[in-house]
Amino acid sequence: MDQSGSYPRAIVHFDGDSFFASVEQAKDYKLRGKPVVTGGERGAVTSLSKEAKMLGAHRGMPMQEIRRVCPSVIVLAGDYTAYSIYAKRMYAIAKTFTTKVEEYSIDECFADITGLNESRGQSYEEIAEAIQEKLELSLGITFGVGLAPSKTLAKVASKRNKPAGFTALPKEEIERVLADTEIYDIWGLGGALSTRLRGLGVITALDYIQKSDAWLKEHGFAKPVRDTWLELQGYPALTLSTGAHAKPHSVMVTRTFTPPSTDKDFIFSQLSKNVEGACAKVRRAGMKASALSFYLKTQEFTYHGVQLDLSAAYDAPPEILKAIRARFDEVYAEGILYRASGVTLRCLRGVDTVTPDLFGAYAESQEKEGVFRAQDAVNRRYGRNTIYLGSSMEALARPDAKYRTKVVRGFVPASKDGKKSLDIPHLGVVH
DNA sequence: TCTGGGGTCCTAGGACCC
DNA sequence: TCTGGGGTCCTAGGACCC
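To get our numbering, take the position in the first sequence, counting from 1, and add 85.
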């Protein structure tokens, strides 16, 4: 059947309902039908089952408050390994229908099913619902599903009938639906942009698509804003990234330390720990980094950092730490209270594409590499931080070290300055 | 509720070159 | 000569996302 008028492209968005809590209930039947929240490991809720929501618990509530309004609540620590496994199953199921699947996040994916209606002899709606049914039956969790001519509209659609809903949003329905969608709820328009738009009288997404291209230019809105504007009109401006080789472009490890500190050695050791973690991630991805940036965050929430290039590509801490140490004083100042540090490894390449530098630094690092491989193996087997570098010793020896080395996830509370709060669970560090 | 952790992409403006 | 114009590349920083 010809649906090319309603769907010049047919994009489906799948969004797992209460993903982390739902996975917990799928794993353990005893949790089904009960109020479950995750986030116990850090005392702040990260995901709530629908039963917990029905009893009045909200995301962002302190754990004590949750227990008060909902005494029967079951609080669990996040099991990120399990969530990743469920995410991979989700992608795999979607891929049995089409290869054009974007693995967008731990609980979401997009599929481009354009043309499948002809080849399968089914409507796009039927196909989207068939995928949804297969996901729900195979995983034991429900999904919000949206079908639309663009990614941005598919996101709008999947939000509309949660949980376990399906919404089709063909071109003919765009105006009706966008009239009751606030600009603030549009994917791609964050706190800053939606506040600006509202100041210009744009309240709903319909107001937004009725503005002209000239109007956007006149007010200095740039490409991402225009792409969103096109997408909302049903013109796909964003393509799916379906690359099977979804390798990261950068890898970062940052950690807040409590209490904040002025101690130079302690702060450097924190950074050293960040570097170890980042190197381990890079090795796991089978990559090496040839550039990096590191920063310190003060108690006043200002950032001080530098970006630098490495003499070659590395996946082990020694040379990286050497480079950071050489420039540490550019960001560290005596007497300032620091609350966090972080490192980002950049210019990542697959190990096979790395060209050795002229001065032998690469060859030297190759010799040491065996040591870090062994370390990875031991840490995998006996738990993290079984083996660590001397320079990270101080960080690990602190009394609260066990909290700092834990997997943490969190959320940003809704704030008065118009910044969007996080309302979807997301992945922390998976080990 | 004083505010976590990990990513991506875009752009203004400076450096540099012809 | 003291005065141009224009192009490219890079980076810091800002915006967004989950």
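Using N, Cα and C, we set each Cβ at its ideal position, and we do this for glycine too.
*asked:* What does the alpha-carbon distance come out to for the pair ALA239 and THR339?
replied: For the purposes of this step, residue 239 is taken as residue 154 along the first sequence, with counting starting at 1. For the purposes of this step, residue 339 is taken as residue 254 along the first sequence, with counting starting at 1. Across the structure, ALA239 and THR339 are spaced so that their CA atoms are roughly 33 Å apart.
*asked:* Between THR313 and ILE259, how many whole angstroms is the CB-CB distance? I'm expecting something under 8 Å.
replied: Counting from one through the first sequence, the residue named residue 313 turns up at place 228. Counting from one through the first sequence, the residue named residue 259 turns up at place 174. The C-beta separation of THR313 from ILE259 comes to about 14 Å, leaving the pair out of contact by the 8 Å criterion.
*Might you give, ordered along the chain, the residues of its own chain that have their beta carbon closer than 6 Å to the beta carbon of THR227, omitting 5 neighbours on each side?*
As a first step, residue 227 must be located in the first sequence, where it is residue number 142. Correct list, in chain order: ASP102, GLU221, PRO248 and ALA249.
*Considering only residues of the region 142-209, which uninterrupted alpha helix (DSSP H) runs meet the minimum length of 4 residues and lie entirely inside it, listed in chain order?*
Runs found: 148-154, 165-180 and 201-205.
_Determine whether the beta carbon atoms of ILE96 and LEU232 lie at a separation below 9 Å._
In the first sequence, residue 96 corresponds to position 11, counting from 1. In the first sequence, residue 232 corresponds to position 147, counting from 1. By the CB criterion at 9 Å, ILE96 and LEU232 fall inside the cutoff.
*CB-CB under 6 Å to TYR269, same chain, minus the five flanking residues each way: which ones, in chain order?*
Counted from its first residue, the first sequence places residue 269 at position 184. Answer for TYR269: SER279, listed in chain order.
_Among TYR189, ILE352 and TYR320, whose alpha-carbon lies nearest the alpha-carbon of PHE342?_
Position 257 of the first sequence, counted from the first residue, corresponds to residue 342. Taking only the C-alpha atoms, the option nearest PHE342 is ILE352.
*Are three or more beta carbon pairs between the region 160-177 and the region 187-196 nearer than 8 Å?*
As far as the Cβ criterion goes, the region 160-177 touches the region 187-196, which means the pair count is three or higher.
_Considering Cα atoms alone, identify which of ALA162, GLY163, ARG144 and LEU140 is closest to CYS155._
Translated into the one-based positions of the first sequence, residue 155 becomes position 70. Checking every option, the nearest Cα to that of CYS155 belongs to LEU140.
*Name the DSSP bridge partner or partners of HIS81?*
Missing from the structure shown is residue 81; the chain here goes from 86 to 516 and no further.
*Give the range of the beta strand (DSSP E) segment to which PRO344 is assigned.*
Locating residue 344 in the first sequence gives position 259, counting from the first residue. Counted as a single uninterrupted DSSP element, the beta strand (DSSP E) harbouring PRO344 occupies residues 336-346.
*Straight-line gap, ILE159 to ARG369 (C-alpha atoms, nearest Å)*: Here residue 159 corresponds to residue number 74 of the first sequence, with the count starting at 1. Here residue 369 corresponds to residue number 284 of the first sequence, with the count starting at 1. Answer to the nearest angstrom: the Cα atoms are 34 Å apart.
*Buried or exposed: which applies to ASP394, given that a residue is buried once 16 or more other Cβ atoms fall within 10 Å of its Cβ?*
Here the question's residue 394 lines up with position 309 in the first sequence. Counting every other CB atom within 10 Å of its CB across the protein chains shown gives ASP394 a total below 16, marking it as exposed.
*Alpha carbon to alpha carbon, how far is ASP164 from PHE379? Give it in angstroms, no decimals.*
Here residue 379 refers to the residue found at position 294 when the first sequence is read from its first residue. Here residue 164 refers to the residue found at position 79 when the first sequence is read from its first residue. In this model, PHE379 and ASP164 are separated by some 29 Å (Cα to Cα).
*Should VAL436 be labelled buried (16 or more other beta-carbon atoms within 10 Å of its own) or exposed?*
Taking the first sequence and counting its residues from 1, one reaches residue 436 at position 351. Counting Cβ neighbours within 10 Å, VAL436 comes out exposed, since fewer than 16 surround it.
_Let me make sure I understand the geometry here. Which of ALA215, ARG144, LEU356 and GLU150 has the alpha-carbon closest to that of ALA425?_
Along the first sequence, one-based indexing puts residue 425 at 340. The candidate whose alpha carbon is nearest that of ALA425 is LEU356.
*ALA215 versus THR199, LYS236, ALA179 and GLU187, residue with shortest Cα-Cα distance*: As a working note, residue 215 is residue 130 in the first sequence. With distances taken between Cα atoms, ALA215 lies closest to ALA179.
*What did DSSP end up calling SER375 once you bin it into helix, strand or coil?*
Mapped onto the first sequence, residue 375 falls at position 290. Three-state result, SER375: strand.
*DSSP three-state call for TYR114: helix, strand or coil?*
Numbered from 1 along the first sequence, position 29 holds the residue referred to as residue 114. In the structure shown, the three-state DSSP call for TYR114 is helix.
*Same chain, Cβ closer than 7 Å to LEU315, neighbours up to 5 away in sequence not counted*: Locating residue 315 in the first sequence gives position 230, where the first residue counts as 1. Cβ within range, chain order: ALA322.
*In chain order, what residues of the same chain have a beta carbon less than 6 Å from the beta carbon of SER107, not counting five sequence neighbours either side?*
Counting from 1 along the first sequence, the entry for residue 107 is found at position 22. Within the same chain, and ignoring the five residues on either side of SER107 in sequence, the residues whose Cβ sits closer than 6 Å to its Cβ are ILE226.
_In chain order, each alpha helix (DSSP H) run of at least 4 residues that lies wholly inside the region 232-279_ = Scanning the region 232-279 from its first residue to its last, the whole alpha helix (DSSP H) runs of 4-plus residues come out as 236-245 and 259-264.
*Quickly, what does DSSP pair LEU433 with across the bridge? List them, please.*
Position 348 of the first sequence holds residue 433. As a beta-bridge residue in DSSP terms, LEU433 pairs with ALA374.
*Which stretch, first to last residue, makes up the alpha helix (DSSP H) that contains SER326?*
Within the first sequence, the letter at position 241 stands for residue 326. Unbroken run through SER326: none, as it is neither H nor E.
*Give the straight-line distance between the Cα atoms of SER134 and PHE105, rounded to the nearest whole angstrom.*
One-based indexing of the first sequence puts residue 134 at position 49. One-based indexing of the first sequence puts residue 105 at position 20. Looking at the two C-alpha atoms, the distance is approximately 8 Å.
_Reduced DSSP secondary structure (H/G/I, E/B, other) of LYS382_ = Looking up residue 382 in the first sequence gives position 297. Correct three-state label for LYS382: strand.
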